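There are 2 protein chains.
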Amino acid sequence: MFKALGDPVRLQMASMIAAKAELCVCEITPAFDLSSGTISHHLKTLRTAGLIDCERRGTYVYYWLQPDAVAALGALLSPG
Amino acid sequence: MFKALGDPVRLQMASMIAAKAELCVCEITPAFDLSSGTISHHLKTLRTAGLIDCERRGTYVYYWLQPDAVAALGALLSPG
DNA sequence: GGACTGGTTTGATATCTGTCAAGATAGGTC
DNA sequence: GACCTATCTTGACAGATATCAAACCAGTCC
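Protein sequences appear in the order of chains A and B.
Here the working numbering is used: the first residue of the first sequence is 4, the next is one more, and so on.
Here the working numbering is used: the first residue of the second sequence is 4, the next is one more, and so on.
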């Protein structure tokens, strides 16, 4: 998961998705001067890491954050 | 910071350091079937990321976690 | 069904990164 | 000062990764 968030593009993607509870790919793509193939690749990486999930609704595909995965991140480094 | 923790070796290093409040390089090295040069390189990466800090005390060098940096990690992805 | 739009997958390529070996530095001991 | 140990730095190289272009798949609308 840390590795997935290690790329600045993916970190911003995750942050964007976290901020809106649900986000269409068509809203993510224009934010990143990158080809749609690359966007899709990064989203797949985040999904493979278990950080996000997605669903197709008609023409569009929506992504959202997996809350459990995010919660697990902090625990790894807490001193207690 | 996420990038620094993206490598499994560095994540384990950070976890080891977090667990003991302060750790000597000579305690870290034997835990990872890697050359001392590589260990040093990873520690430098973590230090450059602001996750840990170090101090030389006589012959040995001690590393510890930067608590503020760790606290900042979770905030980035929390929905609120 | 054909064309158009939104997303994904694949293939190729340039860059980045982890690793080691070897040389360099710092402190301690004699 | 010479030597030894612990750590860091440098140079080189193999494997991973980000990116694009192009081909491909899924829905929608005419």
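Glycine included, each C-beta is placed from N, C-alpha and C at the ideal position.
Note that the structure is a prediction, hence the values are computed from the model and not measured.
As assigned by DSSP and simplified to three states, the class of residue i
| i | result |
| --- | --- |
| Asp56/A | strand |
| Leu37/B | coil |
Same chain, Cβ closer than 8 angstroms to residue i, neighbours up to 5 away in sequence not counted
| i | result |
| --- | --- |
| Leu14/A | Leu8 |
| Trp67/B | Ile20, Ala24, Glu25, Leu26, Ile55, Asp56 and Cys57 |
| Val73/A | Ala21 and Leu54 |
Short CB-CB distance (under 8 angstroms) between residue i and chain B
| i | result |
| --- | --- |
| Gly9/A | yes |
| Phe35/A | no |
| Lys6/A | yes |
| Leu14/A | yes |
Assumed close pair residue i, residue j - CB separation to whole angstroms, cut-off 8 angstroms
| i | j | result |
| --- | --- | --- |
| Phe5/A | Phe5/B | 5 angstroms |
| Ala17/A | Leu37/A | Rounded, the Cβ-Cβ distance is 15 angstroms, inconsistent with contact. |
| Asp10/A | His44/A | Actually they do not touch by this definition, with Cβ atoms about 10 angstroms apart. |
Test: residue i CB closer than 8 angstroms to a CB of chain A
| i | result |
| --- | --- |
| Ala75/B | no |
6 angstroms Cβ shell around residue i - same chain, five flanking residues per side excluded
| i | result |
| --- | --- |
| Thr32/A | Ser39 and Ile42 |
| Ala52/B | Met4 and Ala7 |
Chain-order list of residues whose beta-carbon lies under 7 angstroms from that of residue i (same chain, five-residue window excluded)
| i | result |
| --- | --- |
| Gln69/B | Gly53, Leu54, Ile55 and Asp56 |
Legend entry - Stretch-stretch touch, CB-based, cutoff 8 angstroms, three pairs: the region 55–65 of chain A with the region 20–34 of chain A: These segments touch.
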